[in-house]
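Visitor: Numbering (our numbering), first residue to last: 828 to 1017. By construction, the Cβ of each residue, glycine as well, lies at the ideal position given by its N, Cα and C atoms. Everything numeric in this text was worked out from a predicted model, so none of it was measured.
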């Protein structure tokens, strides 16, 4: 499990039991836990007094860091559809773009199959309100590595998103990362 530490508390998610844990950093005592409806594959992101957690159930959760109370949750895909993935029920659009926070925005991605749609968001962490959503970069027609081949493909958020300056980088599994404009969500390159 991949932990973070904020304000004397260790936070981590569990992909085996769909739980987010908060442990006292000094004693290791469990302060609270919270269940999502799917595996939690990435470390949470901390913002002020909140914790942001992405889950394979397709949601980004905002929890109160002090006690784990749900503040809001945001579905990444267009609908609540589930399917079998790794012997578990997961969203058709699992949140596999691990959250990253900067200033007053949290970024995350949902969807791993470009043919089903991929959604990358900037969200206000205080309210859960969408700042922008890029829902078009998962279905691009583009040249492929072998000569004269062209196919429908696109970005598929698989890993921790990263920020550098005015760019949001979206890891795409075995392919090169994509870069989006951090302010607008516009695809810069892939």
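State the start and end residues of the unbroken beta strand (DSSP E) segment that holds residue 970.
Guide: Looking at the DSSP string, the run of the beta strand (DSSP E) that includes residue 970 is 967-970.
Visitor: Between the Cα of residue 861 and the Cα atoms of 839, 853, 895 and 868, which residue gives the shortest distance?
Guide: With distances taken between Cα atoms, residue 861 lies closest to 895.
Visitor: Considering Cα atoms alone, identify which of 916, 1010, 1012 and 892 is closest to residue 832.
Guide: Cα-wise, what sits closest to residue 832 is 892.
Visitor: Grab the span of the beta strand (DSSP E) containing residue 961 for me, first residue to last.
Guide: Unbroken beta strand (DSSP E) run through residue 961: 957-961.
Visitor: Do the stretch 830-849 and the stretch 916-933 make contact, defined as three or more Cβ pairs closer than 8 Å?
Guide: Taking 8 Å as the limit for Cβ pairs, the verdict is that the stretch 916-933 does not touch the stretch 830-849.
Visitor: Measuring alpha carbon to alpha carbon, tell me which of 913, 975, 916 and 955 ends up nearest residue 935.
Guide: Closest by alpha carbon: 955.
Visitor: Over the uninterrupted beta strand (DSSP E) stretch that includes residue 918, give me the two end residues.
Guide: First-last of the beta strand (DSSP E) with residue 918: 915-918.
Visitor: In angstroms with no decimal places, state the Cα-to-Cα distance between residue 939 and residue 983.
Guide: Distance between the alpha carbons of residue 939 and residue 983 is about 5 Å.
Visitor: Go to residue 896, then tell me how far its beta strand (DSSP E) extends in each direction, as first and last residue.
Guide: Run containing residue 896: none; DSSP gives neither H nor E here.
Visitor: Can you tell me where the beta strand (DSSP E) with residue 977 in it begins and where it stops?
Guide: First-last of the beta strand (DSSP E) with residue 977: 977-980.
Visitor: Excluding the five sequence neighbours on either side, which residues of its own chain have a C-beta within less than 8 Å of the C-beta of residue 836, listed in chain order?
Guide: Taken in chain order, the residues that qualify are 849, 850, 851, 852, 858 and 892.
Visitor: Between 903, 1008 and 997, which has its C-alpha nearest residue 985's C-alpha?
Guide: Taking only the C-alpha atoms, the option nearest residue 985 is 997.
Visitor: Thinking residue 882 and residue 941 are a contact (beta carbons under 8 Å), I'd like their distance in whole angstroms, please.
Guide: Not confirmed; about 21 Å, so no contact.
Visitor: Could you check which residue in 911, 1000, 953 and 907 has the C-alpha nearest to that of residue 929?
Guide: Comparing Cα-Cα distances from residue 929 to each of 911, 1000, 953 and 907, the minimum goes to 953.
Visitor: Evaluate residue 1032 with the Cβ neighbour count: other Cβ atoms within 10 Å of its Cβ, from every protein chain shown; 16 or more gives buried, anything less gives exposed.
Guide: No information on residue 1032 is available, as it lies outside the stretch 828 to 1017 that the chain covers here.
Visitor: Can you grab the Cα-Cα spacing for the pair residue 830 / residue 885, in whole Å?
Guide: Near 21 Å, if we compare the C-alpha coordinates of residue 885 and residue 830.
Visitor: With a threshold of 7 Å on Cβ separation, who are the neighbours of residue 876 within its own chain once the five nearest residues in sequence on each side are excluded?
Guide: Excluding residues within five positions, the ones whose Cβ falls inside 7 Å are 891, 892 and 893.
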